[in-house]
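From first to last, the protein sequence lines are chains A, B, C, D, E, F, G and H.
Just so we're aligned, residue -9 is where the first sequence starts under this note's numbering, counting upward by one.
Just so we're aligned, residue -9 is where the second sequence starts under this note's numbering, counting upward by one.
Just so we're aligned, residue -9 is where the third sequence starts under this note's numbering, counting upward by one.
Just so we're aligned, residue -9 is where the fourth sequence starts under this note's numbering, counting upward by one.
Just so we're aligned, residue 3 is where the fifth sequence starts under this note's numbering, counting upward by one.
Just so we're aligned, residue 3 is where the sixth sequence starts under this note's numbering, counting upward by one.
Just so we're aligned, residue 3 is where the seventh sequence starts under this note's numbering, counting upward by one.
Just so we're aligned, residue 3 is where the eighth sequence starts under this note's numbering, counting upward by one.
Reviewing the structure listed below.
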Amino acid sequence: MILTLNGKQESIEKPVTLDALVTAKGLCPDKIVVEHNFSIISKEDWSKVTLKDQDMIEIISFVGGG
Amino acid sequence: MILTLNGKQESIEKPVTLDALVTAKGLCPDKIVVEHNFSIISKEDWSKVTLKDQDMIEIISFVGGG
Amino acid sequence: MILTLNGKQESIEKPVTLDALVTAKGLCPDKIVVEHNFSIISKEDWSKVTLKDQDMIEIISFVGGG
Amino acid sequence: MILTLNGKQESIEKPVTLDALVTAKGLCPDKIVVEHNFSIISKEDWSKVTLKDQDMIEIISFVGGG
Amino acid sequence: MEDLLTLGGRSIKSRLLIGTGKFASYPLMKKALEAAQSDIVTVALRRVDTGSKADNILEYIPKSCVLMANTSGARNADEAVRIARLAKASGSGNWIKIEVVQDNKYLLPDNLETLKAVEILAKEGFIVLPYMSPDLSMARRMQDAGAAAVMPLGSPIGSNRGVKTRELVEILVREIKVPVIVDAGLGSPSDACECLEMGCAAVLVNTAIAIARDPVAMARAFKEAVSAGRTAYLAGLASSGSVASASSPLTGFLRDETR
Amino acid sequence: MEDLLTLGGRSIKSRLLIGTGKFASYPLMKKALEAAQSDIVTVALRRVDTGSKADNILEYIPKSCVLMANTSGARNADEAVRIARLAKASGSGNWIKIEVVQDNKYLLPDNLETLKAVEILAKEGFIVLPYMSPDLSMARRMQDAGAAAVMPLGSPIGSNRGVKTRELVEILVREIKVPVIVDAGLGSPSDACECLEMGCAAVLVNTAIAIARDPVAMARAFKEAVSAGRTAYLAGLASSGSVASASSPLTGFLRDETR
Amino acid sequence: MEDLLTLGGRSIKSRLLIGTGKFASYPLMKKALEAAQSDIVTVALRRVDTGSKADNILEYIPKSCVLMANTSGARNADEAVRIARLAKASGSGNWIKIEVVQDNKYLLPDNLETLKAVEILAKEGFIVLPYMSPDLSMARRMQDAGAAAVMPLGSPIGSNRGVKTRELVEILVREIKVPVIVDAGLGSPSDACECLEMGCAAVLVNTAIAIARDPVAMARAFKEAVSAGRTAYLAGLASSGSVASASSPLTGFLRDETR
Amino acid sequence: MEDLLTLGGRSIKSRLLIGTGKFASYPLMKKALEAAQSDIVTVALRRVDTGSKADNILEYIPKSCVLMANTSGARNADEAVRIARLAKASGSGNWIKIEVVQDNKYLLPDNLETLKAVEILAKEGFIVLPYMSPDLSMARRMQDAGAAAVMPLGSPIGSNRGVKTRELVEILVREIKVPVIVDAGLGSPSDACECLEMGCAAVLVNTAIAIARDPVAMARAFKEAVSAGRTAYLAGLASSGSVASASSPLTGFLRDETR
């Protein structure tokens, strides 16, 4: 199945939860926000969301800015 | 009957045409524009418009401006 | 005899010392400088200078300035 | 003998007049001024001035300037 | 080849637009307009004073001029549109300067209501010149809505303070495709000259001329200054440096070079 | 009645003085001088290069112009005096621009040595125009020593930075009786226009014209701007205000006055 | 009684807001923030680089600071709203700087899209500070839409050019009720000081501190300058005159008064 | 390591010199001097009014301050020298500010008479600080004659107009070795801050503090602004650019990168 993660297409073999995706990507949960198909998913709900083909995920964090 | 002419209320005895009003006010037709109830009336049609109670008339002309 | 004190002419009956003049004028010695005929006279020498007719005396003190 | 012409030393065999010098240098008399040992020599007098050893000559003309 | 300003489908010769307010008299204004040799002249509309026998200002404006009515007095887009239509009906043609002002202290334009009026009137075939606060994003919208030019203010109307908004106006000049015409606040010919030098297409001047001690001479001065500024822009101004650069040769002189 | 500048006992028509340095060629300079219609033109003096067959610059300067040699290259009063005498001997007449510069980075004038040269040359009957740093006390001395005008710098020579010394130049204009001519640093016609508007009698321009992409057009632009600035000065510029002042009437309009 | 800035329902002590972009490192930024003693610090949001192990910037921002995310990267209101919600979800709180930019050359804000974002986010309970082009009519709308402050630019972001929009910003200060905070373009402490002197409530500075040779010292300098400007504003600056006024007595001195 | 100003053989901590004229009262002046924490304070000399029982100003100046008498009232070098000697005799020490003014309208210094006074007084062992019109050639002479610093004016005394002579003062800063201290005309803390940022060693302020609504607070404001400007100078101000430079990353965001 194909996901769009931060604007880039990625193919993964089998369905995973957001939780699993974040872990797989080696991201620190405390410093990121996750948007799934344009709706923001809070940390506690990551395990409840299983990704489907064509899903769009944005994973965002803070950087320096003025 | 009561007209509003250029924002001021005026009472006139009997119905008159725009034509007559302009003449009565001693205005030079060439230098003015007349608006009758928010629609502009061209010179040639002034004689066709008879004023009714509560009509609003604006008579406008050019002045200096930047 | 006639003195010029700070640009103004003054007449005094009998010769006096600078010392006496300062006292007569009720001036506080600590806050003033005295110039006698264009030479500065230090406090300790005031008593040694006796004024003659036509002498010029300037008595100066500090004021606010930028 | 040695001359200083416009700040540069030059040696010449035999005495010459200013007149001859100007001609030798191929200069147009109308566009130059000549100074001989700090005094300005007018055109008509060039032929009367014979250069001696150690003389200083300045030959000047106009250029663009603001 | 002559340098002409293409505006509203016309080729305009003079880059000095003149406003007709505040002149001591119409005859004086007429002389000033003739001295300025402007091709575009602005007028305003007002309710007639049924009492007065005031002259018709149009009789004092050279027939060769394009008449551009302004919408002064309008506080929103609807009023501006209404005034524009009245102006057109009065036979002044279809050139209109949009002026929508809410603020009576600084007479600053309302860019948003102005934009709405531009959208409506451009569709109706008016040649629309919006007076605006200098702002690139709104100027782009005015342009896209069909404005024939954008007219950012130099400083508040009638303040004679000059091009205090230079920083923003320069950006409009670089980024906007339609002519940029500085309107309002220009107090002296050198202000106008500066605008043309920085690449503005034209300037609109009223107060500085109308209230000068000698408005006719001042009109002539602005005309010359605008021409000078445009010529300088086309001739390519040299850039400025922070140190000096000799205009006379600096070669050794009157000194022994061996020294 | 024509507005003429009385300078050195002459009545001068053009308030734009031109310097002849830095032009790409003499023929180009000639065209620029003709376009500028200046009455006074500055030149410098240098040692002839006995090798070269360079043209005579004087042949490229309109005969109608007053020739004013400058003393560039001089580092003190004596050298300036010596150069002035050479210039006179060369038949360029008795107009001299005193330029004494020690500092080769900013080319700023040495007011004290300049004053000494003015004192000597004025006595010898020269018409002396000192290029100076804007300073009222020294300008007064130049005037008292017989200077025909004072020429404060606007900014460093050739910097094209404009009238950065405006604060001090304006004071000279108010306090000095001889003509005040801004010399050096004027980078654009609007700079020159501004000088005339503030009451300066004239300006001297060289670099901004000579190194423009089109020097001939730029000369014309300066000519117009100077004329515009002078006309504006005579016509009486209106003062500037901090708030707006309507150029169109602000009377109620299209609204019920009972409201 | 302490002079505090009431903003977003809080009482803020420091009138210097700091941006966190462009610092050479997070530890350096941390030191600069501590030196500046700011109460409000801006950050941006970006997609994580799944590869990198970059530090969490939040760990380098003093806990006492209000975090204000900006919406940089947004090209319209919808994107700005979306970024604002992401910022809030990330636990940075509900302070948001609206930054909507179409133009990548001057990074000038889009006032209209910015206004739309303000309307939506203020309703959602955000404390909204719009970065805007200085325009009174749009500033009024931002205020009416619930903006906690308006943030006009001094000059383009990162240009360090200072308060080139002073003419327009001063009008905002006089006419707008919510705090006016100059954002963008301030290049030196004197620029910031000037803003406070003219009555601005605060300034937001980033580039001038971040790229200084010594950002920590520069942060301290801005802190002092902002404090100085505010103190001067409250102390009542004397007005300026065009002639001199002696600071020392001018009475006759060392001269015979009969003379 | 502390940043100190070496002046007259001393190490001075504060780069803000204060003048004592125009204060509403001596006690108020005392509070302002304490708030400013200046190390150098100027006073003037005048004939005593034999009638009055005026206080001794010296009692209101912190003992820790260096007292610097000025020669205000002097119209030439001789009077300045005479005043300087009187000041010294009065026990105020040997620091003297030379102020020679002929012109009572703009109170502009007479550079030539000032130079003569510097030459005489420096030889007599005074620590001489000449107030002067900004002119490189005369500043060099003051330096060579033994001036401990040069003090160019920013604008006319008491005008509060700021650093209108910036172009010339900046050149002094680059070319003169002794400290450059801007004296006169600084109207606001941001003016003072700007002077220090451009590399001036210090500023002398009087009127802007003395006639502020709250002179004590204004003194504090100037103290902070001067410190800020100096810190910024040492921290290395970033240069300014003509276009924008993003302070937030401009990478694609919330958009499909394949787009």
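Cβ atoms here follow ideal geometry from the backbone N, Cα and C, with glycine treated the same way.
Computed from a predicted structure; not experimentally measured.
Starting from the C-beta of I(-5)(B), find all residues in its chain whose C-beta is less than 6 Å away, skip the five residues before and the five after it, and write them out in chain order. Before going on, a small fix: residue -5(B) reads as Leu here, not Ile. Result list for L(-5)(B): I47, in chain order.
Runs of 4 residues minimum, wholly inside the region 124 to 180 of chain E: which ones carry the alpha helix (DSSP H) assignment? 138 to 146, 168 to 177
Along the region 43 to 71 of chain H, what residues have a CB closer than 7 Å to any CB found in chain G? A46, R48, R49
Spell out whether any CB of chain C is found under 8 Å from the CB atom of F25(H). yes
Below 9 Å between beta carbons is the criterion; list the residues of the region 6 to 33 of chain E that meet it against any residue of chain B, in chain order. I20, G21, T22, G23, K24, F25, Y28, M31
For G160(F), count the other beta carbons within 10 Å of its own beta carbon; 16 or more makes it buried, fewer makes it exposed. Which is it? buried
Counting only beta-carbon atoms, is L60(A) nearer than 8 Å to chain G? Residue 60(A) lies beyond the range of chain A shown here (-9 to 56); nothing can be said about it.
Please list the residues of the region 178 to 210 of chain H that have a C-beta atom closer than 9 Å to any C-beta atom in chain C, keeping them in chain order. D185, A186, L206, V207, N208, T209
Mind checking R49(G): buried by the 16 CB within 10 Å criterion, or exposed? buried
Going straight from the alpha carbon of K179(F) to that of V171(F), what length do you get? 13 Å
Roughly how many whole angstroms lie between the Cα atoms of V175(E) and L138(E)? 10 Å
How about V228(E): is its Cβ closer than 7 Å to a heavy atom in the ligand NAP? No copy of the ligand NAP occurs in the structure displayed, which carries no ligand at all.
Please report the straight-line C-alpha distance between M3(E) and A149(E), rounded to a whole angstrom. 27 Å
Going by the CB atoms, is the gap between R87(E) and I30(B) shorter than 8 Å? yes
Is the Cβ of Y133(E) closer than 8 Å to any Cβ of chain F? no
Are the beta-carbon atoms belonging to A240(E) and G189(F) less than 8 Å from one another? yes
For E34(A) and chain G, any beta-carbon pair shorter than 8 Å? no
Against chain H, does S244(F) count as a neighbour if the rule is that its beta carbon must be under 8 Å from one of theirs? no
Give the interface partners of S247(F) over in chain B, defined as CB-CB distance under 9 Å, in chain order. Correct list: empty, because the minimum Cβ distance to chain B is about 10 Å.
Supposed contact pair A71(H) and I98(H) - C-beta distance, whole angstroms, cut 8 Å: 6 Å
Can you tell me where the alpha helix (DSSP H) holding P86(H) begins and where it ends? Just to set this straight, residue 86(H) is Ala in the shown sequence, not Pro. A86(H) -> alpha helix (DSSP H) spans 79 to 89.
Does the distance from the CB of L155(E) to the CB of Y133(E) come in under 8 Å? yes
Using DSSP with H/G/I as helix, E/B as strand and the rest coil, what is E196(G)? helix
Beta carbon of R56(H), beta carbon of A234(G): below 8 Å? One point to set straight first is that residue 56(H) is Ala, not Arg, in the sequence displayed. No.
Determine the chain G residues that contact V24(C) at a beta-carbon separation under 9 Å, and present them in chain order. Ordered by position in chain G, no residue passes the 9 Å Cβ test against V24(C), which lies about 13 Å from the chain.
Buried or exposed for L41(C), going by 16 or more other Cβ atoms inside 10 Å? buried
Where M46(C) falls: helix, strand or coil (DSSP): strand
Assuming L19(H) and V205(H) form a contact by the criterion Cβ under 8 Å, report the distance between their Cβ atoms to the nearest whole angstrom. 7 Å
is_contact[T73(G), chain E] using C-beta, thresh 8 Å: no
Exposed unless 16 or more other CB atoms sit within 10 angstroms - verdict on K107(H): exposed
Taking 8 Å as the threshold (C-beta atoms), are S27(H) and G23(G) in contact? no
For R261(F), collect the residues of the same chain with a Cβ closer than 8 Å to its Cβ; drop the 5 residues on either side in sequence, then sort them by chain order. Confidence is the limiting factor: at R261(F) the pLDDT is only 37, short of 50, which leaves the residue's position unreliable, though a coordinate-based value still follows. Here the set comprises nothing.
Does the Cβ-Cβ distance between S40(H) and L69(H) come in under 8 Å? no
For D193(E) and R168(F), I'd like the C-alpha separation in whole angstroms. 15 Å
So M140(H) contacts chain F; which residues on that side make the cut at Cβ distance below 9 Å? D112, N113, L114, S135, D137, M140
Counting only beta-carbon separations shorter than 8 Å, does P158(G) have a partner in chain C? no
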